[in-house]
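Worksheet: the structure to be examined is printed underneath.
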Amino acid sequence: MKAKTKSAFTDKKMVGRAIKDSFTKLNPRIQVKNPVMLLVYISAILTTGLWILSLFGLKDAAPGYILAIAVILWFTVLFANFAEAIAEGRGKAQADSLRAAKKDVEANRIPSADAKEQITVVSSANLKKGDLVLVRAGEQIPGDGEVIEGAASVDESAITGESAPVIREAGGDRSAVTGGTTVLSDWIVVQITSEAGESFLDKMIAMVEGAARKKTPNEIALQIFLVALSIIFILVTMSLYTYSIFSADQAGIANPTSITTLVALLVCLAPTTIGALLSAIGIAGMSRLNQANVLAMSGRAIEAAGDVDILMLDKTGTITLGNRQADSFIPVDGVSAEELADAAQLSSLADETPEGRSVVVLAKEKFGIRGRSLSDKNMTFIPFTAKTRMSGVDFDGNEIRKGAAEAMQEYVTSAGGTYSEECDRIVKEISNQGGTPLVVAKNHKILGVIHLEDIIKQGVKEKFADLRKMGIKTIMITGDNPLTAAAIAAEAGVDDFLAEATPEGKLHMIRDFQKKGHLVAMTGDGTNDAPALAQADVAVAMNSGTQAAKEAGNMVDLDSSPTKLIDIVRIGKQLLMTRGSLTTFSIANDVAKYFAIIPALFVGLYPGLSALNIMNLHSPQSAILSAIIYNALIIVALIPLALRGVKYREVSSGKLLSRNLLVYGLGGIIAPFVCIKLLDMLLAVFGL
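Below is the structure:
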């Protein structure tokens, strides 16, 4: 999905398909879905009928004039269809590439993880939720699932577009696999988590193709407003026609106002510009999100992203680089630095995290302590758990532990040992500097502290400042103690933080903000993030995360990048801005077209209206034709803007509104005056 796509207008295949779809969409069952353009569609049919009648002597106006109006109205409908079709074209192109990755393959179904030799080869289309399959190197994963045994390198380029393989393994937060990806090395046992036809790839195809796109609440509300405006203009037009009959009768002259002209008036005054582009704006917003390698489960989620004012961000990988490094060994109570380094290295031999590896390397670099083999001594390694918050090793009757200060204090004192005051002071100093202290103890005696340094990502402070200008409050979520969290929060420039975060703590904080009327966005990848993701208004789950997290979120980031949330908010705000800007432009257009059409329409009945003919148009018919031609062409002119989106700037909503009113409000008034006058001059030159 991440492959670069051509511009919609430079891709001949996409344009050709959009032109074809423009005619297909003339189906009444499709037209009825857009009430504003349905009005133009009915008007085109009506004027076509009036032209046919004029050929048989039942003249409403000159046949050539009626034909010109009818043709322009049909083009207006086709241009609106083309705007929607070209927006859909991007999604269809993405869907085509995804379908290429989706194919039935042979799956090695097994009765249980312990019976790998009892393989039954079946088609992936016949797999059911709960089935276990064995996938070996070189084989394609037959369906979405969770790795329940083994570990393997997996090529996910068919889904994410990234060529670099990733590790998927049983347990933890990186156990989810997607059907259509390929195992490159080793083997895994996968438990299928979706029924046939309901896989992640199937959902992606449906979403990017637009088949599953539903109108968002704001889109529905705007459409209701546009329909209300159209109904008002229908009533106004009908009133104008009946009043013109009455006025002509009173003046004793033939009514100069034809039905064809009034139909043209109605179409020009109705908000056809935004009516034609509304669907394309929504589809293009979804497409921009897809190009950012994010799959939205609904248009509502994108819209909500544009309205969020609270961003909850994980510290690791978002604000910091995510690979804390051991910076120094600080011994306490007369212990030598070398003794501390030796114990720290022993406790880290089985630790494959970047922090653990950095402890081993630092001990080697500073004191020449060579990394020991795991088989050197009779070692029993104690893994880290969220509950104990420490890890270590037991060997030859010795017990070494390293972990968070609070956990280590409880560990030492519960065994009758004494927690060092010097250690407590050093822990606080490191925390105040924004570092992470790990306390090391041997046989329940504190040896010292390892200083882990958290590196803040370059440019994040500026990003958070931009978000603040947008009126968005940023909150850092971290498992660090409050002192460390406060120091990192201050350095990164976030507005607030949640330290020692637990699933319950995240959920409680989100609910508190929502009760105060805020919209909250957050990211997560683990099963413990699922409750908070389900509660958040915009929930971005990592594709590398667990199935529970992906099901709880309303967006999935295929790149599994925690910083993507900031881009999602920008795309959401750009969608809302584009819709608002083009609505402003459309309504401003209608105001300007009023001055072009109304004076020309009724100057025969009321000569005094010539004073309002400020554009000095050539004739009533050229005025009507110029206005309705402009009404059709402006749709085509604005399609690139609808697809690309209005450029977003990190400024306050007040400044944003003022700028858009100036550019699109004033521009929407000026553009029709200039263009209609030019079109009128062209029509006059050609004698039309």
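Per UniProt numbering, the very first residue in the sequence shown carries number 1; after that it's consecutive. Heads up, the beta-carbon is just placed ideally off N, CA and C, and yes, glycines get one too.
Nearest-angstrom Cβ-Cβ length linking residue i and residue j, presumed shorter than 8 Å
i	j	result
serine 22	leucine 78	5 Å
serine 124	glycine 143	6 Å
serine 610	proline 599	7 Å
arginine 168	valine 154	5 Å
glutamate 355	alanine 326	7 Å
alanine 588	glycine 665	5 Å
alanine 521	leucine 533	About 10 Å; that fails the 8 Å criterion.
isoleucine 669	alanine 596	Isoleucine 669 to alanine 596, Cβ: 12 Å. No contact.
methionine 555	alanine 301	6 Å
Reference residue i, options the options, closest by Cα
i	options	result
leucine 625	Thr76, Ala80, Lys516	Thr76
serine 347	Ile628, Arg401, Ala627	Arg401
leucine 565	Val236, Asp309, Tyr41, Ala276	Asp309
leucine 575	Leu313, Thr272, Val427, Ala304	Ala304
asparagine 616	Leu662, Ser561, Ile676, Ala280	Ile676
glycine 334	Ala343, Ser279, Gly448	Gly448
alanine 115	Ser230, Val122, Leu134	Leu134
proline 531	Gln250, Leu507, Glu551	Leu507
leucine 313	Thr24, Lys473, Met555	Lys473
alanine 492	Leu67, Leu656, Glu462, Arg511	Glu462
aspartate 104	Ile110, Val121, Glu117, Arg90	Val121
proline 331	Ala251, Glu399, Arg389, Ile446	Ile446
threonine 193	Lys59, Ile141, Lys129, Val227	Lys129
glutamine 291	Pro672, Lys92, Val227	Lys92
aspartate 202	Val183, Gln514, Gly179, Gln535	Gly179
residue 689	Val183, Gly138, Gln140, Ala465	The requested residue 689 is not part of the displayed model; the chain covers only 1 to 688.
glycine 524	Glu106, Ile430, Lys515, Gln535	Gln535
glutamine 514	Val538, Glu219, Asn528	Val538
threonine 478	Lys25, Thr320, Asp559	Thr320
alanine 363	Thr563, Val393, Asp396, His451	His451
serine 431	Ala341, Pro165, Asp480	Asp480
Local conformation of residue i per DSSP, three classes
i	result
alanine 212	Unreliable positioning characterises alanine 212 in this predicted model, as indicated by a pLDDT of 47, which lies under 50. A coordinate reading is not provided.
arginine 579	helix
glycine 16	helix
methionine 379	strand
lysine 677	helix
asparagine 398	strand
leucine 46	helix
arginine 511	helix
glutamate 146	strand
glutamate 169	strand
lysine 442	strand
threonine 523	strand
phenylalanine 56	coil
alanine 62	coil
glycine 417	coil
serine 123	strand
threonine 388	coil
threonine 563	coil
threonine 502	coil
alanine 176	strand
glycine 403	strand
aspartate 114	coil
leucine 346	helix
residue 689	Any answer about residue 689 is impossible in this case: the structure gives the chain only from 1 up to 688.
leucine 134	strand
Start and end residues, beta strand (DSSP E) containing residue i
i	result
serine 185	182-192
isoleucine 446	445-453
glutamate 139	Unbroken run through glutamate 139: none, as it is neither H nor E.
threonine 474	473-477
alanine 107	106-110
alanine 541	538-542
leucine 498	496-498
aspartate 557	555-557
Continuous alpha helix (DSSP H) stretch holding residue i: start and end
i	result
phenylalanine 367	354-367
phenylalanine 464	460-469
asparagine 34	Where asparagine 34 is concerned, there is no enclosing alpha helix (DSSP H), given that its DSSP letter is neither H nor E.
alanine 485	482-492
isoleucine 259	259-269
leucine 533	530-535
lysine 550	547-552
Residue i beta carbon near the ligand ADP (any heavy atom closer than 7 Å)
i	result
aspartate 680	Because no ligand of any kind appears in the structure shown, any question about the ligand ADP cannot be addressed here.
Please specify which runs of the beta strand (DSSP E), each continuous and at least 3 residues long, are wholly inside the region 588-672, giving them in chain order.
none
Fully enclosed by the region 271-337, which alpha helix (DSSP H) runs are 4 residues long or longer?
272-291, 299-307
List, from N- to C-terminal side, the alpha helix (DSSP H) runs of 4 residues or more that fit wholly inside the region 215-239.
none
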